[in-house]
């Protein structure tokens, strides 16, 4: 197990470099420069320096420079915000995005799975159709439509929650609720629908039929025996779910004025702010890879059939 | 009396009492507004976008500032100035002003501030402004700090024609006579910065704990992507006339969110109205739609074999109904344009309607393509914003009426700029915001030497007229020369198709807040605001 | 097939058919027809189905005067209903195709990984980890910047960024399935990878696979709307639900029916197809 873990961590670090390389290559291939503006007339010294750093050197040299810089703790300087270092931007804004992502994932996994399992245990086909319909609605209302609706309803009409303004100021935590709902809703729907479908097929399988034949309710057997394989499967979706939550944050943060890091993602792409974009990619890529590893370990622990040694032992 | 009336009565009574009380301690007012993007930097030399300019004008002052009503230059830190008879040398007499750390402000501060922007090692995007105006600045800025010797740099620096004649007298020389120079001096690139603080703190000098200003406000806190709070600077030379104690700039990128905050009275001023609230906004009494010193136009690539034909360009321009474009694309907010330069008080523009479908058809036939026969498809390049897309589709349809087939090509912002810069287009969307209040700022970008002349427009007569205007005095004759140049560019040669002049939609209740005026540059310095 | 599945199929089929019939009616106009005089007309039901030309004051002999715009016209005077139909065709067609293709690719790769196990499994899964780790939005924007954001490039990107999302979920399901005795028996009988997976594992996992297709479809619609919102949607003459939703919000105050009708058509189609796919999924639940 330890050997497996060490191997995975080594592979993870290599993957990180691969992700950085991929992002770097894409940035390189994109036309335009970090300093082009509509009224650009003179080349400033910063532009010349950046030109030397990012454009004139060979690709692998720059990538290695970047990686060694990161190892030495130097994240570089933002090109778009000349007075801020990449590290100061990331450290200041990451907590908000992270909190939003983590809380929406927690919400989605707890609420979504519970909803799916509960609806499946009711067995009546009406609930199946209800499940389908609400998930369709929940996923296909885009964030940019949902956010103003929620703001108008809870913020302006009912005056229950602030329209915007979740920030470092004390007492502004209530403004976190609406962004959370907006980010979490499609994730909840996805997980509810998937766990519904899985639970429905479990209920038809011999290992749960036994319990049911003994007189336990569907919900009871699902809870006692179905939940482990269910979680084992759905945890594999944790990383893509995080990706989805991050994408949602990109839109949701500006809509609710949340000072998170995700809002910098599009700007950094559009301005070709190499150091900032690489920094953001590095942060979220390591998170995603870490979550992948964690999810794999958890899945294996929940369902031994998934462990690497299982097939061999069987034969 | 019904309840509403009674409430209104008591409210007005209460506000009377409140206003009576506040006469005594006017200055306790707090003002909140939204800004739509994170400022690039609070350093006035590094300004890039309109938000930066807005903030820089509140935090720093130059020798002259914009008049809050007209945008014309008025006294800032300079008490008075004189211009030499040859129209090239300005001598400014400074006010007895001091920095917010109580250190007196001297003419040397002005010299060092200007040199800091011109310095070839500076990062200032707008360095071109002082470089264009100040004699000797171009030679200094052109040097490469990494390739030049220290002596060469020092020698070039000493040749920049800015000088402190004494503690309170600042002198500088223009590169050549430029009648609009004073207006350009209101730009943040010319503002006076605390060189003593910059030397001490380096890049961190704009942090709240370090920043020292000589303007009406100083920085209290800056929380990135959240808010910027300015408080009154009691050491300001005109502090007794500053009625606002605190200004909160809330960063709200989304226009609908800003609108919701306004409706809830959480902010006092927003400077964009979401498109879907336009009708509601127009019916409110705090709606202010005012023209901007900005123009949107399509530019032809004159290197293109096809668009090299003047008659074809004129046919295309004549076929576009700008009034309808403005009505349908901006729901009547913008102003239709048939000239490049927006009209100023001094200059009425040459905005006669040139839309004429029959004439367009005739011109097209003259160009050799009757009803568009034999004319290849023309590509129209724009950046991927929904309003530009709508305009492009409108133009496409209008040109379809005379038989000109247009293919639309949308690109993401940076790629778009690159294509335009590299001259890889046929017709491209373009736009310009005037950098000083003179028609020259719109025309100079089409000079053959300008790096912003993306359509490769070369015309000796045009260049000569612009050069001639520089030697003239401000006034009617000069404007006529400029109008003549514009006529060559737009009417005679049709190197560009003017489409519309931008306007801005501000929401501010001017019966509650005084000192806020609609102006063409859309810069509103909270220094002048006061609570009614 | 369950009743709900049949209803779902009927829902999407009737709306599709209705649209087809409308497009065959006389007075029908094409979306590309811009008649700026007829901009911003209300839906025909609010003005007694008068001809658009009459409403806009066009002369009777004008070639465009004799059309009826059932859902009114947009800012440029184009018939909104035909726009909605074009958008539905593009969005639904591409999204459905991409959803099926994504799950097909994911199933094949997951099968390979589960069948061979060992380093093949490791390779596929670590590759997938890498793909998960690249923020998809950044790569979409950059890819669109490189290849041009025009036409329907956005759908190509959505395929490129969607095919790997479900590999791990499917991988686990397949791994569990082939550890069951019947798969061991098949292997003992000498059944190969293809036969085991396609003939035995796929039908048994039908329930999960159909649900995944349905959810991928919804996620694709969401992502496309999102990309349209930030300006990276398909560009004219292509059209999509996302573009219509974005523009619908902009015209919400004076032409709310645009947003409403777009959303109604979207919800109708997607509910129909989802019910149908859920019917397939339910049918595929095996009673062992």
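Residue numbers (this note's numbering), protein chains in the order written: chain E, 1 to 315; chain C, 1 to 532; chain X, 1 to 288.
Every residue, glycine too, gets a C-beta built ideally from N, C-alpha and C.
- Closest in C-alpha terms to residue 70 of chain C, from the list C:438, C:531, C:377 and C:472, comes C:438.
- Taking 9 Å as the cut-off, the Cβ atoms of residue 221 of chain X and residue 153 of chain X do not count as close.
- Taking 8 Å as the upper bound for CB-CB distance, residue 41 of chain X and residue 52 of chain X are in contact here, some 6 Å apart.
- Contact between residue 191 of chain C and residue 92 of chain C does not hold, since their C-beta atoms are separated by about 14 Å, which reaches or exceeds 8 Å.
- Excluding its 5 nearest sequence neighbours in each direction, residue 19 of chain E has C-beta neighbours in its own chain below 6 Å: 285, listed in chain order.
- Near chain C, meaning a CB-to-CB distance below 9 Å, the residues of the region 264-298 of chain E are 264, 267, 269, 270, 271 and 272.
- With a beta-carbon spacing of about 19 Å, residue 394 of chain C and residue 494 of chain C fall beyond the 8 Å limit used to define contacts.
- The beta carbon of residue 151 of chain E sits closer than 6 Å to the beta carbons of 163 from its chain, once the five residues preceding and following it are set aside; these are given in chain order.
- For residue 86 of chain E, the nearest beta carbon of chain C is not closer than 9 Å to its own beta carbon.
- Taking a beta-carbon distance threshold of 9 Å, residue 213 of chain C does not count as an interface residue toward chain E.
- Nearest to residue 239 of chain E by alpha-carbon distance, out of X:168, X:244 and X:117, is X:168.
- Contact with chain C is absent for residue 224 of chain X, since none of that chain's Cβ atoms lies less than 9 Å from the residue's Cβ.
- Closest in alpha carbon position to residue 17 of chain E, among E:63, E:32, E:123 and E:35, is E:63.
- Under the 9 Å criterion on CB atoms, residue 396 of chain C is classed as interfacial with respect to chain X.
- For residue 164 of chain C, there is no enclosing alpha helix (DSSP H); the residue is found in the beta strand (DSSP E) stretching over 162-166.
- Cβ proximity to chain C below 7 Å picks out 155, 156, 163, 164, 167 and 168 from the region 155-172 of chain E.
- In terms of Cα proximity to residue 286 of chain C, the closest of C:265, C:229, C:457 and C:465 is C:265.
- By the 16-neighbour rule on beta-carbons within 10 angstroms, residue 417 of chain C is buried.
- Residue 80 of chain E has a beta carbon lying within less than 9 Å of a beta carbon in chain C.
- Residues of chain C with a Cβ closer than 8 Å to the Cβ of residue 36 of chain E are, in chain order, 414, 417, 418 and 421.
- The DSSP assignment places complete alpha helix (DSSP H) segments of no fewer than 4 residues inside the region 417-501 of chain C at 440-443, 460-470 and 476-487, in order along the chain.
- Per the C-alpha coordinates, the member of C:110, C:311 and C:96 positioned closest to residue 104 of chain C is C:96.
- Between the beta-carbon of residue 481 of chain C and that of residue 489 of chain C there is about 13 Å, and that puts the pair past the 8 Å contact cut.
- DSSP, read as helix, strand or coil, puts residue 268 of chain C in coil.
- Contact between residue 135 of chain C and residue 173 of chain C holds: their C-beta atoms lie close to 4 Å from each other, under 8 Å.
- In chain order, 112 and 113 place their CB closer than 7 Å to the CB of residue 120 of chain X, counting only its own chain and leaving out the 5 sequence neighbours on each side.
- Residues of chain E with a Cβ closer than 8 Å to the Cβ of residue 224 of chain C are, in chain order, 84, 89, 92, 93 and 259.
- Interface residue (Cβ-Cβ distance to chain C less than 9 Å): residue 200 of chain X is not classified as such.
- In this structure, the alpha-carbon of residue 499 of chain C lies about 14 Å from that of residue 399 of chain C.
- Of all residues in the region 114-142 of chain C, only 120, 121, 122, 123, 124, 125, 127, 128, 131 and 141 place a beta-carbon less than 8 Å from a beta-carbon of chain E.
- Here the region 293-308 of chain E makes contact with the region 236-253 of chain E; the two share three or more CB pairs at distances below 8 Å.
- In this structure, the straight-line span from the alpha carbon of residue 468 of chain C to that of residue 195 of chain C is close to 38 Å.
- Under the Cβ criterion of 9 Å, residue 195 of chain C is not counted among the residues facing chain E.
- For residue 233 of chain C, no chain E residue has a C-beta closer than 9 Å to its own C-beta; the minimum C-beta separation is roughly 21 Å.
- The three-state reading of DSSP puts residue 163 of chain X in coil, since its state is none of H, G, I, E or B.
- When DSSP states are grouped into helix, strand and coil, residue 148 of chain E belongs to the helix group.
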